[in-house]
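Using my numbering, the letters of the sequence shown correspond one by one to residues 106 to 264. Comments concern the structure below.
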Amino acid sequence: MFMKNLILPGILATALLGVTPAAFAENSHSHDGQGTASVSLRLNDGKKWQGDDFMLTGMDGIRTAMAAQLEKIHQNKLQGADYIILAGSLEKEIDHMVENCKLSPEVDEQLHVVLEQVIEGIDDMQTGAHPRSGAVKIVQALNAYGKHFEHPGWKSLEK
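See below:
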């Protein structure tokens, strides 16, 4: 799958650019005061970033899939196999966005900060000992996305 071919290069690129989970968290309003990165989630001169239809559709798909399972995730009732199925559906959305990406470099850079967290969450859901923590990471990334990207009708998910 195309997605699997992106994980290692994406993680490598992230490491080279200095984007860390702490840096992402700092920009997700955690106020822990730790970490800075050369690439971080930020607004576009005080305004939200404008994406294309592929981005909007893909992010809607990711949000919809997560929202459908959110109650079970909160109640810790989602089974391991269900996390793997959910992760697979999220991968498909990301694959479609990446394959059709026509974003400006600035918008693309910001979207990749969000997607890196989603990809890490997917990996945790598929292979981690704690798939629920991967789902939480994705919810946090989706909420940060909504604060930084113009997306008509977007609603944050509860943590």
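Quick reminder that beta carbons are idealized off the backbone N, C-alpha and C, glycines included. The structure displayed is predicted, hence computed values, not measured ones.
Limits of the unbroken alpha helix (DSSP H) element including residue i
i, result
"R168", "D158 to H179"
"H253", "P236 to H253"
"S209", "Careful: S209 lies outside any alpha helix (DSSP H) and carries neither H nor E."
C-beta contact flag for residue i and residue j at 7 Å
i, j, result
"A192", "M164", "no"
"S194", "A170", "yes"
"V244", "L220", "no"
"D158", "L208", "no"
"I167", "E214", "no"
Cβ separation of residue i and residue j, assumed to be a contact under 8 Å, to the nearest whole Å
i, j, result
"V223", "A246", "5 Å"
"H253", "L161", "14 Å between Cβ atoms; not a contact."
"E176", "I227", "Between I227 and E176 the Cβ distance is about 20 Å, and since that is not below 8 Å, they are no contact."
* Asked: Does the count of Cβ pairs from the region 238-248 and the region 147-157 closer than 8 Å reach three?
  -> no
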